[in-house]
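*Asks:*
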Ligand SMILES: Nc1nc2c(ncn2[C@@H]2O[C@H](COP(=O)(O)OP(=O)(O)O)[C@@H](O)[C@H]2O)c(=O)[nH]1
Ligand SMILES: [Mg+2]
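Residue numbers (our numbering): 4 to 254.
1) Quick check: what's the CA-CA separation for residue 147 versus residue 15?
2) First and last residue of the alpha helix (DSSP H) that includes residue 181?
3) Who's in the neighbourhood of ligand 2, going by beta-carbon under 5 Å from any heavy atom, listed in chain order?
4) Within 10 Å of its beta-carbon, does residue 222 have 16 or more other beta-carbons around it, so buried, or fewer, so exposed?
5) Which two residues bound the contiguous beta strand (DSSP E) that contains residue 161?
6) Work out the CA separation of residue 159 and residue 262 for me, nearest whole Å.
7) Work out the CA separation of residue 86 and residue 127 for me, nearest whole Å.
8) Under the DSSP definition of a beta bridge, which residues are partnered with residue 76?
9) Should residue 32 be labelled buried (16 or more other beta-carbon atoms within 10 Å of its own) or exposed?
10) Roughly how many angstroms separate the alpha carbons of residue 30 and residue 142, rounded to a whole number?
11) Is any heavy atom in ligand 1 found nearer than 8 Å to the beta carbon of residue 34?
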């Protein structure tokens with residue numbers, strides 16, 4: 004298993020593994036499709052999706068026709084989608100490594116989380132960098148709510164800015180709040196319908212691929228997820244993803 008926990012002293016020959024997290028519906032699959040559509044001419048790309056019970060996201064991406072179908076693979080995560088990207092990343096890591104071996108050499112593997120709330124973060128054992136996606140339809144104040152993904156992902160995307168006038172969100176204010184929550188970390192206002200914003204996303208991805216390749220990029224851990232609630236037949240349980248003590252379930 005590759006050691007991604009320490010700085011890479013030498014140029015890297017394996018792909019950049021880039022996680023895409025964020026609440027359901029904020030546009031993670033669409034963002035991945037946008038990156039593939041815009042960059043498949045210059046980068047060899049593969050995609051891993053994480054769904055709880057289905058391969059819905061993989062099927063959406065295959066039908067978008069942005070990559071050869073066999074380069075898009077689904078991991079079905081079972082009850083807690085976060086565990087598979089944070090605490091026990093084995094299934095995802097094997098899926099990434101298989102994809103890299105089958106289509107070598109890949110430049111970029113995008114991993115979509117099956118996140119359902121604001122707290123999901125990827126382990127640095129699975130990805131080299133991560134994007135956290137919010138959208139304007141979630142409300143202008145959501146960026147101020149913080150959390151490890153919003154505060155410390157490598158890039159925060161505020162998506163669907165074409166919808167801002169309809170949901171009465173001030174995009175500039177939302178970006179300013181996000182920059183403050185991130186203590187100056189990068190924030191990108193995006194709409195797949197606005198080519199200038201798509202180009203900015205490509206510039207960011209291109210820069211990251213280059214710094215990963217040269218060995219300069221050092222994976223950062225945004226930190227563990229906050230405790231969160233899962234509904235189930237017993238009326239739900241609180242679920243935490245701690246650093247040392249792994250997983251607790253309280254019924
Ligand atoms: N207006 C607009 N809609 C978008 C944009 N990006 C995604 N969507 C829509 O948002 C919905 C959820 O997108 P999806 O990528 O499936 O979100 P995911 O659940 O985070 O993967 C879909 O109906 C998309 O068509 C955007 O830039 N602008
Ligand atoms: Mg999706």
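Every residue gets a Cβ at the ideal spot worked out from N, C-alpha and C, and that includes glycine.
*Replies:* Let me lay it out:
1) 36 Å
2) 174–184
3) 31, 32 and 60
4) buried
5) 158–162
6) No answer is possible for residue 262: the residues shown for the chain start at 4 and end at 254.
7) 13 Å
8) 51
9) buried
10) 15 Å
11) yes
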